[in-house]
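K.L.:
Sharing a structure here in structure tokens format.
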Amino acid sequence: MSEDSPKHRRVTAQTVADMVGVSRSAVSRAFTPGAYVDAQKRKRIHAVAAELGYQPNALAAGLQGGRSRLVAICVGNMRSAYDTAFVSRLVGKLNGMKRWPILIDGSDNNSRSAIEDVLRYPLDALIVRGGSMSAEMVGQCTKLGIPMISSGRPIDAPGVDNVCCRNADGTMMMTRMLLEKGRRRFGFIAGPQDFYSSGERRNGAVSALEEAGLELEAEVQGDYTVEGGYQSASEILKRAPGIDALICANDATAFGALSATQDNGLDIPGDISVVGFDDVSMASWPQMCLTTVRNPINASVDETIALLEHRLTNPGRASQTVFVDPEIVLRKTH
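Using this note's numbering, the first residue of the sequence shown is number 2, and each one after it goes up by one.
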């Protein structure tokens, strides 16, 4: 059988039209709710379409209605358990709305090129999770009329909506709790220098310590990974061997810090408290039982979806930033 035989050719509306003996527009109307086509003709078109395996082009149909239903999601840290869980829930919500995600790895060196390529598609929106976006790229989205929502890191630009956790409040509450427990010598493991969440979380811890007339005895910049947490905690324990509380800017860092403190012969929580931030699923595992700050994924995703719907129905409204509240999750490491 040749490559040009019907078996190898893509079935299009024109293919169905030729088989039925009608115009292509008649086929299009037959699959458009509310469009007029003679009942018998519609039945015949649907029968031939089913026989050929034809499916209407959903993207083309959506564009005729003004919406493609495509939503790009740019993820700043694909290695992050929190971001993975966030995106999983977000994709489920979008699918439930009959909106279809295009996923971009924002941590990749080619992410800028990937975003530029994706912007050539007729997107309904771009959602940025935890990463940064250049002013040029934000301006390009604005020029193209593509709504943008940033989750986890605010972008101050017209037409960009934001959903953020009150990170500083979370570490402030955690630090106060540790102070009430009698902890006085604190260390802090930060995340990458350009991560908004890390800076905010450090600010909260420092503010609570200042209220008590204290300051951080040691701090190290980590990389939000388990391996980085182990190395950073080991370094802090060498610099300040007497610390009795170690605040980690995210849970992955805390997992590594737990191993490092145990390898240094310290009892948790007898000798030292180790706490995290995010409350990823692994934090509740019996091997971890990590005391942490919950960065509420469900609330963040729900707010992101709400902002998306509001922006699509009212494109000209002012930018909005919504904050979600963290909460302390007490387990066994404080």
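Glycine included, every Cβ here is placed at the ideal spot set by N, Cα and C.
Run the CB neighbour count on Gly-205, radius 10 Å, all protein chains shown included, and call it buried at 16 or more, exposed below.
P.N.:
With 16 or more other Cβ atoms within 10 Å, it is buried.
K.L.:
Might you give, ordered along the chain, the residues of its own chain that have their beta carbon closer than 6 Å to the beta carbon of Glu-236, omitting 5 neighbours on each side?
P.N.:
Val-221, listed in sequence order.
K.L.:
Within the chosen definition, does the region 156-163 reach the region 274-290 through at least 3 CB pairs nearer than 8 Å?
P.N.:
Touching, no, given that fewer than three Cβ pairs across the two stretches are closer than 8 Å.
K.L.:
Tell me where the alpha helix (DSSP H) around Glu-52 begins and ends.
P.N.:
Here the alpha helix (DSSP H) through Glu-52 covers 40-53.
K.L.:
If the criterion is Cβ atoms closer than 7 Å, does the pair Val-330 and Thr-305 meet it?
P.N.:
For Val-330 and Thr-305, no; Cβs fall outside 7 Å.
K.L.:
Measuring CA to CA, which of Arg-332, Asp-303, Asn-315 and Ile-147 is closest to Leu-95?
P.N.:
Out of Arg-332, Asp-303, Asn-315 and Ile-147, Asp-303 has the C-alpha closest to the C-alpha of Leu-95.
K.L.:
Can at least three beta-carbon pairs, one atom from the region 207-226 and one from the region 187-197, be found at a separation below 8 Å?
P.N.:
Segments in contact, yes.
K.L.:
I'd like to confirm the pairing. Which residues does DSSP put opposite Leu-210 in its beta bridges?
P.N.:
Answer is none; Leu-210 lacks a bridge partner.
K.L.:
Nearest-angstrom Cα distance between Tyr-225 and Ala-82?
P.N.:
Each residue's Cα considered, the two are about 10 Å apart.
K.L.:
Considering only DSSP beta bridges, list what Glu-102 is partnered with.
P.N.:
The residue asked about is misnamed: residue 102 is Pro in this sequence, not Glu. According to DSSP, Pro-102 bridges with Val-72.
K.L.:
Looking at the structure shown, is Asp-157 part of a helix, part of a strand, or coil, going by DSSP?
P.N.:
Residue state, collapsed to three classes: coil.
K.L.:
Can you name the start and end residues of the alpha helix (DSSP H) that Thr-314 belongs to?
P.N.:
Looking at the DSSP string, the run of the alpha helix (DSSP H) that includes Thr-314 is 298-314.
K.L.:
Can you give me the C-alpha to C-alpha distance between Arg-43 and Phe-32, rounded to a whole angstrom?
P.N.:
Using only the alpha carbons, I get a separation of about 8 Å.
K.L.:
How is Ala-169 classed by DSSP in three states: helix, strand or coil?
P.N.:
Of the three classes helix, strand and coil, the one that applies to Ala-169 here is helix, per DSSP.
K.L.:
Which residues bound the beta strand (DSSP E) around Leu-127?
P.N.:
126-130 is the span of the beta strand (DSSP E), which, as asked, contains Leu-127.
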